[in-house]
Amino acid sequence: MPPFHPLRLLAPLLAALPAWAQGPPGYYDGVDTQSAASLRADLHELIDDHTRIPYTASATDTWDVLELACEDPSNASRIIDIYGNLSYAKVGGGNSNYNREHTWPNSLGFTNDGSTNYPYSDCHHLFLSDVAYNSARDSKAFRACPGSCTEWSTSSNGGQGGAGGGYPGDSNWTSGNGPSGAWEAWSGRRGDLARALMYMDVRYEGGTHGITGASEPDLILTDDAGLISSSQSGSNLSVAYMGELSVLLQWHLDDPVDDWERDRNDVIYAFQGNRNPFIDHPEWVDCVFGVNCAPPPPQGGITTMCFGDGSSQICPCLNWGATGRGCANSTGVGAYLLPFGSHFVAADDLVLLVGSARPSTSCVFIQGASPLVTNFRDGLLCTGNPTRRLEFGFLDASGSAQSSISIVQEGNIPGPGVTRWYQAWYRDPGGVSPCGQNSNLTNALEVVWE
Numbered sequence: 046m047p048p049f050h051p052l053r054l055l056a057p058l059l060a061a062l063p064a065w066a067q068g069p070p071g072y073y074d075g076v077d078t079q080s081a082a083s084l085r086a087d088l089h090e091l092i093d094d095h096t097r098i099p100y101t102a103s104a105t106d107t108w109d110v111l112e113l114a115c116e117d118p119s120n121a122s123r124i125i126d127i128y129g130n131l132s133y134a135k136v137g138g139g140n141s142n143y144n145r146e147h148t149w150p151n152s153l154g155f156t157n158d159g160s161t162n163y164p165y166s167d168c169h170h171l172f173l174s175d176v177a178y179n180s181a182r183d184s185k186a187f188r189a190c191p192g193s194c195t196e197w198s199t200s201s202n203g204g205q206g207g208a209g210g211g212y213p214g215d216s217n218w219t220s221g222n223g224p225s226g227a228w229e230a231w232s233g234r235r236g237d238l239a240r241a242l243m244y245m246d247v248r249y250e251g252g253t254h255g256i257t258g259a260s261e262p263d264l265i266l267t268d269d270a271g272l273i274s275s276s277q278s279g280s281n282l283s284v285a286y287m288g289e290l291s292v293l294l295q296w297h298l299d300d301p302v303d304d305w306e307r308d309r310n311d312v313i314y315a316f317q318g319n320r321n322p323f324i325d326h327p328e329w330v331d332c333v334f335g336v337n338c339a340p341p342p343p344q345g346g347i348t349t350m351c352f353g354d355g356s357s358q359i360c361p362c363l364n365w366g367a368t369g370r371g372c373a374n375s376t377g378v379g380a381y382l383l384p385f386g387s388h389f390v391a392a393d394d395l396v397l398l399v400g401s402a403r404p405s406t407s408c409v410f411i412q413g414a415s416p417l418v419t420n421f422r423d424g425l426l427c428t429g430n431p432t433r434r435l436e437f438g439f440l441d442a443s444g445s446a447q448s449s450i451s452i453v454q455e456g457n458i459p460g461p462g463v464t465r466w467y468q469a470w471y472r473d474p475g476g477v478s479p480c481g482q483n484s485n486l487t488n489a490l491e492v493v494w495e
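To convert, count from 1 in the sequence shown and add 45; that's the numbering used here.
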């Protein structure tokens with residue numbers, strides 16, 4: 046029988062907490078998204094100085110938090126491991142099935158556990174992992190398999206994993222040893238891993254903890270293999286490196302945020318008091334790490350269109366928006382609609398994300414079966430009949446919202462070979478909208494489903 050901890054009594058209460066797609070109301074108020082430097086600085090200030098959870102203790106420790114954060118959605122008495130997608134009964138610490146995985150290897154910069162070593166027990170980068178898989182991963186960097194790799198397959202759980210199918214399939218692949226080796230994570234969790242390491246890069250920027258005064262390392266993501274290998278020194282370092290950054294950026298795009306990752310973020314926030322901003326706002330990854338704070342280019346099969354920047358039809362009252370966005374709103378810029386995921390029907394992983402709309406108001410994600418460009422309210426309507434209202438959303442304090450439904454199901458996509466158009470309408474109330482119509486629209490997306 047696993048040891049008793051009072052924390053377990055809180056599990057039903059945690060399960061009842063609201064699921065925040067973009068963080069609790071007000072959490073990101075004041076974050077400046079206009080440049081990579083300002084966004085990074087504001088996010089660091091926001092998530093810095095969190096409450097440290099002891100790595101191992103008789104009271105609440107990382108075992109307790111992780112067994113809630115990595116819970117099997119289909120069975121609250123079990124956990125899902127990060128690499129094998131295996132489901133194990135919760136038994137607490139010291140078992141022979143699963144242990145705790147440092148996705149940023151602790152041997153790369155923060156080797157020694159202790160009450161002042163914050164990254165060692167930071168649950169945002171800790172996952173539960175099958176013991177054998179954790180050992181196989183070791184301290185290898187996350188890289189694409191260079192060839193002649195060993196396969197570590199996954200199990201079928203939660204509607205993913207277990208298919209195999211040769212490289213890359215839905216397996217993990219590995220070669221080499223230590224930080225010079227490679228671990229290519231499986232497709233169902235590679236985005237989770239990428240965003241966990243991006244959190245570490247922004248959370249830990251050197252200096253000291255603002256409350257305890259404990260020294261903290263500067264953790265930096267890079268593609269430089271030499272810097273990564275040199276970080277394995279056997280002691281705590283002031284500066285340490287991990288990667289590969291370019292691979293992690295691609296994994297972030299390949300594997301969008303899902304409900305399991307959102308729930309995990311909520312649980313850890315309940316104990317540490319800080320969140321992973323790249324789960325709440327995946328669009329910020331490209332700004333912080335790609336130094337591109339404009340909307341990213343669309344994925345294959347997805348085309349951006351219907352801009353309010355003068356390249357399309359004239360905005361209703363000449364209220365031009367920025368390049369690639371909708372017509373200008375009361376904030377002085379146009380809102381944009383971004384795609385995350387893919388245009389493949391079978392994958393059903395397309396996520397629509399609104400940015401730079403009127404903060405703290407409502408929006409509606411719309412699908413059209415035909416193209417259209419016409420003036421509507423303060424913007425351009427680009428989704429033609431027959432149209433569907435896919436989902437209502439709430440724009441946070443930065444004017445962002447993202448879809449959470451299955452677009453294939455809600456949009457009644459019959460299969461590959463059809464084209465649909467997507468847009469978001471949003472309120473712009475208070476008599477301050479440029480044309481006085483109190484609502485506007487983003488640019489549009491054309492998706493050729495395959």
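Ideal Cβ positions, reconstructed from N, Cα and C, are used throughout, including at glycine. None of the values given here were measured: they were computed from a predicted structure.
Given a cut-off of 8 Å on the beta-carbon distance, is the pair P224 and I265 in contact? As a first step, residue 224 must be located in the sequence shown, where it is residue number 179. As a first step, residue 265 must be located in the sequence shown, where it is residue number 220. No, the pair does not count as a contact, with Cβ atoms beyond the cut-off.
Does the distance from the CB of L440 to the CB of R403 come in under 8 Å? Position 395 of the sequence shown, counted from the start, is the residue given in the question as residue 440. Position 358 of the sequence shown, counted from the start, is the residue given in the question as residue 403. Cβ distance < 8 Å, so L440 and R403 count as in contact.
Let me know the beta strand (DSSP E) ranges lying completely inside the stretch 214-280, each 3 residues or longer, listed in chain order. 217-220, 227-229, 263-266
Hey, could you find the ends of the alpha helix (DSSP H) Q79 is sitting in? The residue given as residue 79 occupies position 34 in the sequence shown. Counting along the chain, Q79 falls outside any alpha helix (DSSP H), and DSSP gives it neither H nor E.
For R320, which residues from the same chain have a beta carbon less than 7 Å from its beta carbon, with the 5 sequence-adjacent residues on both sides left out? Here residue 320 is taken as the residue at index 275 of the sequence shown, counted from 1. Within the same chain, R320 has close Cβ partners G68, Y72, I92, N310, Y314.
Which residues DSSP lists as bridging H147, in chain order: Translated into the one-based positions of the sequence shown, residue 147 becomes position 102. DSSP, once it has assigned bridges, lists L171 as partnering H147.
Within 10 angstroms of its Cβ, does V477 collect 16 or more other Cβ (buried), or is it exposed? To locate residue 477, count along the sequence shown from 1; it is residue 432. V477 should be labelled exposed.
Going by beta carbon distance, what residues of the same chain come within less than 8 Å of G251, once the five residues before and after it are set aside? One-based indexing of the sequence shown puts residue 251 at position 206. Within the same chain, G251 has close Cβ partners E261, P262, D263, S283, V284.
Quick one: Cα of T419 to Cα of T428, how far? Looking up residue 419 in the sequence shown gives position 374. Looking up residue 428 in the sequence shown gives position 383. Roughly 9 Å separates the two Cα atoms.
Find the nearest neighbour of A179 within the set G211, N374, S141, S160, judged by alpha-carbon distance. Translated into the one-based positions of the sequence shown, residue 179 becomes position 134. The amino acid at residue 179 is misidentified as Ala; the sequence shows Asn. Closest option to N179, Cα to Cα, is S141.
Suppose contacts are defined by Cβ-Cβ distances below 8 Å. Is R472 in contact with N483 by that definition? Indexing the sequence shown from 1 puts residue 472 at position 427. Indexing the sequence shown from 1 puts residue 483 at position 438. Yes, these two residues count as a Cβ contact at 8 Å.
Can you list, in chain order, the residues of its chain whose CB lies under 7 Å from that of A81, leaving out five sequence neighbours each side? By 1-based counting over the sequence shown, the position of residue 81 is 36. Cβ within range, chain order: C332, V333, V336, C338.
Sorted by chain position, which residues of the same chain lie with C-beta nearer than 8 Å to E495's C-beta, five sequence neighbours on each side aside? Within the sequence shown, numbered from 1, the residue matching residue 495 stands at position 450. G346, H388, F389, V390, P461, G462.
Secondary structure of C480, DSSP reduced to three states: Taking the first residue of the sequence shown as 1, we reach residue 480 at position 435. Looking at C480 - three-state DSSP - the assignment turns out to be coil, as it is neither helix nor strand.
Y100: which of I127, H169, G159, S132 sits nearest, CA to CA? By 1-based counting over the sequence shown, the position of residue 100 is 55. Residue G159 is the option with its Cα nearest to Y100.
Specify, as a first and last residue, the run of the alpha helix (DSSP H) that Y314 falls within. For the purposes of this step, residue 314 is identified with residue 269 of the sequence shown, where counting begins at 1. Per DSSP, Y314 belongs to the alpha helix (DSSP H) from 304-317.
Taking three-plus beta-carbon pairs below 8 Å as touching, is the stretch 175-192 in contact with the stretch 225-235? yes
By the 10 Å Cβ neighbour count, where 16 or more other Cβ atoms means buried, how is N130 classified, buried or exposed? Sequence index remark: in the sequence shown, residue 130 carries index 85 (1-based). Buried, because 16 or more other Cβ atoms sit within 10 Å of the Cβ of N130.
Rounded Cβ spacing between C168 and T107 (contact assumed at less than 8 Å): Position 123 of the sequence shown, counted from the start, is the residue given in the question as residue 168. Position 62 of the sequence shown, counted from the start, is the residue given in the question as residue 107. Their Cβ separation, rounded to whole angstroms, is 6 Å, which keeps C168 and T107 in contact under 8 Å.
Grab the span of the beta strand (DSSP E) containing N430 for me, first residue to last. As a working note, residue 430 is residue 385 in the sequence shown. Counting along the chain, the beta strand (DSSP E) containing N430 begins and ends at 424-439.
For the structure I just gave you, are there three or more beta carbon pairs, one from the stretch 252-259 and one from the stretch 139-155, closer than 8 Å? no
Provide the residue span of the beta strand (DSSP E) that contains R123, from first to last. Reading the sequence shown from its first residue, position 78 is the one you call residue 123. Per DSSP, R123 belongs to the beta strand (DSSP E) from 120-125.
Helix, strand or coil at G154 according to DSSP, with G and I counted as helix: Working through the sequence shown from its first residue, we reach residue 154 at position 109. Coil at G154, not helix or strand.
Roughly how many angstroms separate the alpha carbons of Y143 and D117, rounded to a whole number? As a first step, residue 143 is located in the sequence shown; it is residue number 98 there, counting from the start. As a first step, residue 117 is located in the sequence shown; it is residue number 72 there, counting from the start. Rounded to the nearest angstrom, the two C-alpha atoms are 14 Å apart.
In terms of residue numbering, what span does the beta strand (DSSP E) encompassing C408 cover? Numbered from its first residue, the sequence shown carries residue 408 at position 363. Residues 407-421.
Starting from A114, trace the alpha helix (DSSP H) in both directions and tell me its first and last residue. Within the sequence shown, the letter at position 69 stands for residue 114. Counting along the chain, the alpha helix (DSSP H) containing A114 begins and ends at 107-114.
Return the chain-ordered ranges of every beta strand (DSSP E) run that is complete within the stretch 338-405 and spans a minimum of 3 residues. 347-350, 381-385, 396-400
Span of the beta strand (DSSP E) holding L490? Working through the sequence shown from its first residue, we reach residue 490 at position 445. Segment 489-493, the beta strand (DSSP E) holding L490.
Test item: CB-CB of A367 and N374 under 8 Å: Residue 367 sits at position 322 when you count from the first residue of the sequence shown. Residue 374 sits at position 329 when you count from the first residue of the sequence shown. It is not a contact, given that the beta carbons lie outside the stated cut-off.
Ignore the nearest five residues each way along the sequence and tell me which others in G371's own chain have a CB closer than 6 Å to its CB. Taking the first residue of the sequence shown as position 1, residue 371 is located at position 326. Taken in chain order, the residues that qualify are G353, G379, A380, G424, L486, T487, N488.
Is T161 close to the ligand GDP? I mean its beta-carbon at under 7 Å from any heavy atom of the ligand. Looking for the ligand GDP in the displayed structure turns up nothing, as the structure carries no ligands at all.
In the structure shown, what three-state DSSP assignment does E196 receive? What you label residue 196 is simply residue 151 of the sequence shown in a count that begins at 1. E196 falls in the strand class under three-state DSSP.
Helix, strand or coil: how does DSSP classify A61 here? Residue 61 sits at position 16 when you count from the first residue of the sequence shown. Because A61 carries a pLDDT of 43, less than 50, the predicted location of this residue cannot be relied on, and no value is offered for it.
Restricting to Cα atoms, I'd like to know which of G258, I359, S132, R307 is closest to D325. If you number the sequence shown from 1, residue 325 lands on position 280. The shortest Cα separation from D325 among G258, I359, S132, R307 belongs to R307.
Coarse secondary structure for L293, derived from DSSP in three states: As a first step, residue 293 must be located in the sequence shown, where it is residue number 248. It is helical.
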